[in-house]
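A.B. asks:
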Amino acid sequence: MKLLKYIKTNIFVYFLIGVFLNSGMILIKPLLLDKLLSIREGQLTIDTILHFIIYGFCLHLFFYSTMLLANFASNNLQRHLQVRLKNQLINKLFLQESFVYDEKVSIVTQDMEVLYNRFFLPLDMIVGRVFILCTTITFILVQNFWLGLVFVVFSFLRPLPQWLMNNRLIDSGADFSEKQKAFHLSVGDFFKGADTIYFYGAIKENFAKLTKNNECYENTRWKNEWTGNVVYFFNGPLEFLSQVLPLALGLLLQKKGGELSTASLVAMYIATMNLSGPIQKIMYSVSDIQRSQAVKEKIFSLLEEPCLEASYTTVESLAELVAVDVSKQIGEQALFYNFSLRLSKPSNVLIKGASGTGKSTLLRLLAGKVAPNNGRIFVRNKAGQEFNHYQGNVAYISQNPFFSHGSIRENLTLGQEMSDQELLYYLEQVGLTNEITNILEYQLKNNGENISGGQRLRLELVRCLLRKKDIVLADEITASLDKDNAHQVRQLLLQLPIILIEVAHHIDSETDYNQIIDLERYRFK
Numbered sequence: 001m002k003l004l005k006y007i008k009t010n011i012f013v014y015f016l017i018g019v020f021l022n023s024g025m026i027l028i029k030p031l032l033l034d035k036l037l038s039i040r041e042g043q044l045t046i047d048t049i050l051h052f053i054i055y056g057f058c059l060h061l062f063f064y065s066t067m068l069l070a071n072f073a074s075n076n077l078q079r080h081l082q083v084r085l086k087n088q089l090i091n092k093l094f095l096q097e098s099f100v101y102d103e104k105v106s107i108v109t110q111d112m113e114v115l116y117n118r119f120f121l122p123l124d125m126i127v128g129r130v131f132i133l134c135t136t137i138t139f140i141l142v143q144n145f146w147l148g149l150v151f152v153v154f155s156f157l158r159p160l161p162q163w164l165m166n167n168r169l170i171d172s173g174a175d176f177s178e179k180q181k182a183f184h185l186s187v188g189d190f191f192k193g194a195d196t197i198y199f200y201g202a203i204k205e206n207f208a209k210l211t212k213n214n215e216c217y218e219n220t221r222w223k224n225e226w227t228g229n230v231v232y233f234f235n236g237p238l239e240f241l242s243q244v245l246p247l248a249l250g251l252l253l254q255k256k257g258g259e260l261s262t263a264s265l266v267a268m269y270i271a272t273m274n275l276s277g278p279i280q281k282i283m284y285s286v287s288d289i290q291r292s293q294a295v296k297e298k299i300f301s302l303l304e305e306p307c308l309e310a311s312y313t314t315v316e317s318l319a320e321l322v323a324v325d326v327s328k329q330i331g332e333q334a335l336f337y338n339f340s341l342r343l344s345k346p347s348n349v350l351i352k353g354a355s356g357t358g359k360s361t362l363l364r365l366l367a368g369k370v371a372p373n374n375g376r377i378f379v380r381n382k383a384g385q386e387f388n389h390y391q392g393n394v395a396y397i398s399q400n401p402f403f404s405h406g407s408i409r410e411n412l413t414l415g416q417e418m419s420d421q422e423l424l425y426y427l428e429q430v431g432l433t434n435e436i437t438n439i440l441e442y443q444l445k446n447n448g449e450n451i452s453g454g455q456r457l458r459l460e461l462v463r464c465l466l467r468k469k470d471i472v473l474a475d476e477i478t479a480s481l482d483k484d485n486a487h488q489v490r491q492l493l494l495q496l497p498i499i500l501i502e503v504a505h506h507i508d509s510e511t512d513y514n515q516i517i518d519l520e521r522y523r524f525k
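Numbering-wise (full-length UniProt numbering), the sequence shown opens with residue 1 and increments by one.
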């Protein structure tokens with residue numbers, strides 16, 4: 001089973017020991033009743049009563065202690081599994097280009113929560129209840145083998161409706177998962193695009209679309225739950241067969257003079273009632289697992305995919321960036337071919353081209369985020385050695401840099417060790433210390449919306465300066481800035497002793513660049 005390779009052996013062994021010891025708890029009532037009914041009225045003494053009390057106390061103390069141990073082992077297993085799977089998922093999705101931001105968040109949070117509630121917990125429940133079933137069946141058969149066999153066989157007919165409805169349960173679970181994802185994405189779009197929707201007068205239409213998705217989501221949930229309810233309805237007649245009919249056979253056996261005491265018959269009946277509980281729990285759990293099939297397959301297929309390693313190699317004494325006959329195609333769309341470039345430090349290069357020519361894709365190629373279809377991209381150091389991996393030398397700056405909820409200090413260091421003196425030095429270099437009071441402690445909110453666009457880009461530039469990057473890739477960084485802020489940010493970059501490659505639609509002055517490349521020259525004809 002795929003799941004087992006994500007669980008440490010010792011944790012799994014402790015879990016099995018716990019559920020095995022806990023499996024006898026269901027026998028407390030049958031054992032007590034058997035003990036009680038075996039006491040004859042003429043044997044009732046204070047000692048007999050005290051002995052019964054001590055017997056009952058010891059039963060409860062022992063089995064409740066095993067329950068505590070089993071719950072601890074189960075909770076520990078679930079904690080271990082959740083931490084391990086979520087960490088691996090985050091690692092797998094970190095550089096995954098086939099999922100957008102919202103999908104990644106939904107997988108790690110919502111899908112994993114569904115998997116926890118609809119797969120891991122039910123599976124835990126099934127394992128525990130299987131142990132309980134084995135213990136209970138053994139107890140029943142020991143009382144009277146053939147009558148006990150009747151009790152057990154009829155009890156095991158109860159899952160029949162669930163087996164017959166298996167495919168419908170799986171389909172309804174898959175449909176529910178898809179509608180949940182669609183609703184989550186539509187809610188995100190509605191709130192993120194609030195200004196656009198409002199100013200273009202499209203509130204009514206977009207709210208109607210969201211309402212429709214919400215109704216589809218809830219209708220699918222209703223259908224999903226109703227399918228389960230229909231399955232459980234048919235358990236009633238089967239419960240009669242598993243409990244009442246065998247009890248009648250036991251009474252008939254006693255009438256015919258069979259070796260079956262009333263105490264044993266009552267104990268078997270009580271045990272059978274307890275037997276139906278685990279079977280019912282297993283049925284519910286199997287139903288939940290069936291409905292989680294689509295989410296489970298998505299999660300585990302992601303976990304089985306080879307991980308895109310976050311290669312982060314820094315080349316010492318980097319001297320050149322070289323691209324040789326690079327071609328790139330996305331799907332059926334061919335962007336450019338035979339693109340070549342050779343830049344030495346320091347260099348300032350402007351990449352021009354109309355929308356859709358692949359300017360941003362070229363930057364991602366040079367950054368090592370995506371691979372070319374043909375050609376090669378590498379760097380050389382001063383000694384002339386070539387290196388294919390150089391991500392540690394690259395800074396990628398976009399017009400919308402990322403900022404987390406936290407202080408400017410936290411956003412600059414990103415958890416790495418840096419002194420306040422160093423941070424303040426570079427903040428002063430970009431002119432931010434005079435603009436923001438107590439700057440290192442200043443709290444950024446909602447991706448830095450409480451500071452200006454120019455300040456956000458200069459903070460991103462400080463991130464780059466702190467790490468002394470050799471190659472800076474700037475993707476339309478001044479597109480949303482006013483003329484003065486755009487000039488200030490660009491001049492800061494142009495003064496650095498680096499290889500600067502900037503993508504832009506409009507530049508006031510192209511004379512600041514050593515080289516200007518028009519990607520139209522490299523388009524497929």
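We put the CB at the ideal spot given by N, CA and C, even for glycine. Just so we're clear, the structure is a prediction, and the values are computed from it rather than from any experiment.
If you compare alpha carbons, which of 418, 73 and 439 is closest to residue 428?
C.D. replies: Ranking the options by Cα distance to residue 428, first place goes to 439.
A.B. asks: Could you check if residue 526 is buried or exposed, using at least 16 other CB atoms within 10 Å of its CB as the buried criterion?
C.D. replies: Because the chain here runs from 1 to 525, residue 526 falls outside it and cannot be looked at.
A.B. asks: Give me, in chain order, the residues of the same chain whose beta-carbon lies closer than 8 Å to that of residue 140; leave out the 5 immediate sequence neighbours on both sides.
C.D. replies: The residues are 148, 151, 152, 268, 271, 272 and 275.
A.B. asks: Using only alpha-carbon positions, find the residue among 380, 358 and 386 that is nearest to residue 518.
C.D. replies: Considering only alpha carbons, the answer is 358.
A.B. asks: According to DSSP, what are the bridge partners of residue 351?
C.D. replies: According to DSSP, which records beta bridges pairwise, residue 351 is partnered with 503 and 517.
A.B. asks: Can we say the region 191-198 touches the region 232-249, given the rule of at least three CB pairs closer than 8 Å?
C.D. replies: The region 191-198 is not in contact with the region 232-249.
A.B. asks: At which residues does the alpha helix (DSSP H) containing residue 527 begin and terminate?
C.D. replies: Beyond the ends of the chain as shown, which are 1 and 525, falls residue 527; an answer cannot be given.
A.B. asks: Would you say the region 444-454 touches the region 403-410, given that touching needs at least three Cβ pairs under 8 Å?
C.D. replies: Contact holds: three or more Cβ-Cβ distances are below 8 Å.
A.B. asks: Less than 8 Å separating the beta-carbons of residue 214 and residue 176?
C.D. replies: Cβ distance not < 8 Å, so residue 214 and residue 176 don't count as in contact.
A.B. asks: Look at the alpha carbon of residue 45 and the alpha carbon of residue 36, and state the distance between them as a whole number of angstroms.
C.D. replies: About 13 Å.
A.B. asks: Using the C-alpha atoms, what's the distance from residue 86 back to residue 95?
C.D. replies: Spanning the two alpha carbons is a distance of roughly 15 Å.
A.B. asks: Using the Cα positions of residue 325 and residue 7, report the straight-line distance between them to the nearest angstrom.
C.D. replies: Between residue 325 and residue 7, the C-alpha separation is close to 47 Å.
A.B. asks: Only counting the same chain, and skipping five residues up and downstream in sequence, which positions put a Cβ closer than 8 Å to that of residue 82?
C.D. replies: Result list for residue 82: 112, 116 and 120, in chain order.
A.B. asks: Please state if the CB of residue 391 and the CB of residue 478 are separated by a distance shorter than 8 Å.
C.D. replies: Not in contact: residue 478 and residue 391 (Cβ atoms no closer than 8 Å).
A.B. asks: Residue range of the alpha helix (DSSP H) that residue 232 falls in?
C.D. replies: Note, residue 232: alpha helix (DSSP H), 203-233.
A.B. asks: Would you check if the distance between the CB atom of residue 489 and the CB atom of residue 458 is smaller than 8 Å?
C.D. replies: In contact: residue 489 and residue 458 (Cβ atoms closer than 8 Å).
A.B. asks: Looking at C-beta atoms only, is the number of pairs between the region 282-302 and the region 353-369 that lie closer than 8 Å three or more?
C.D. replies: With a cut-off of 8 Å, the region 353-369 and the region 282-302 do not count as touching, because too few Cβ pairs lie within range.
A.B. asks: Among 297, 380 and 365, whose alpha-carbon lies nearest the alpha-carbon of residue 3?
C.D. replies: Residue 3 has its Cα closest to that of 297, out of 297, 380 and 365.
A.B. asks: Identify, in the order they occur along the chain, each residue of the same chain with its Cβ nearer than 7 Å to the Cβ of residue 21, setting aside the five sequence neighbours on each side.
C.D. replies: So the list reads 66, 69 and 70, once near-sequence residues are dropped.
A.B. asks: Between 10, 373 and 78, which has its C-alpha nearest residue 337's C-alpha?
C.D. replies: Comparing Cα-Cα distances from residue 337 to each of 10, 373 and 78, the minimum goes to 373.
A.B. asks: State buried or exposed for residue 135, treating a residue as buried only when at least 16 other CB atoms are found within 10 Å of its CB.
C.D. replies: Residue 135 should be labelled buried.
A.B. asks: Going residue by residue through the region 364-421, where are the continuous alpha helix (DSSP H) segments of at least 4 residues, counting only ones entirely within it?
C.D. replies: As far as the region 364-421 is concerned, its whole alpha helix (DSSP H) runs of at least 4 residues are 408-413.
A.B. asks: What would DSSP say about residue 7, mapped onto helix, strand or coil?
C.D. replies: The answer is coil: DSSP assigns residue 7 none of H, G, I, E or B.
A.B. asks: In whole angstroms, what separates the C-alpha of residue 100 from that of residue 228?
C.D. replies: Cα-Cα distance, rounded: 33 Å.
A.B. asks: Would residue 473 be called buried (16 or more neighbouring beta carbons within 10 Å of its own) or exposed?
C.D. replies: Buried.
A.B. asks: Have a look at residue 155 and residue 243 and give me their C-alpha separation to the nearest angstrom.
C.D. replies: Straight-line Cα distance between these residues: approximately 8 Å.
A.B. asks: For residue 513, I'd like the list of residues in its chain whose CB is within less than 7 Å of its CB, leaving aside the five on either flank, ordered along the chain.
C.D. replies: Closer than 7 Å at the Cβ level, and outside the excluded window around residue 513, lie 348, 349 and 350.
A.B. asks: Could you name the residues of the same chain whose beta carbon sits closer than 8 Å to that of residue 231, not counting the 5 residues immediately before and after it, in chain order?
C.D. replies: Cβ neighbours of residue 231 beyond the five flanking positions: 161, 162, 165, 169, 283 and 287.
A.B. asks: Quick one: what's got a C-beta closer than 8 Å to residue 393's C-beta in the same chain, skipping five residues either side?
C.D. replies: Excluding residues within five positions, the ones whose Cβ falls inside 8 Å are 314, 315, 318, 379, 469, 470 and 471.
A.B. asks: Could you check if residue 186 is buried or exposed, using at least 16 other CB atoms within 10 Å of its CB as the buried criterion?
C.D. replies: Flag for residue 186 reads buried.
A.B. asks: Answer yes or no: do residue 341 and residue 320 have a C-beta to C-beta separation smaller than 8 Å?
C.D. replies: No, Cβ-Cβ distance for residue 341 and residue 320 is not below 8 Å.
A.B. asks: List the endpoints of the continuous beta strand (DSSP E) containing residue 337.
C.D. replies: Residue 337 -> beta strand (DSSP E) spans 333-344.
A.B. asks: For residue 499, does the count of other Cβ atoms within 10 angstroms reach 16, so buried, or fall short, so exposed?
C.D. replies: Flag for residue 499 reads buried.
A.B. asks: Mapping the DSSP letters down to three states, classify residue 527 as helix, strand or coil.
C.D. replies: No answer is possible for residue 527: the residues shown for the chain start at 1 and end at 525.
A.B. asks: Where does residue 479 sit, in a helix, a strand or coil, going by DSSP?
C.D. replies: Note: residue 479 maps to coil in three-state DSSP.
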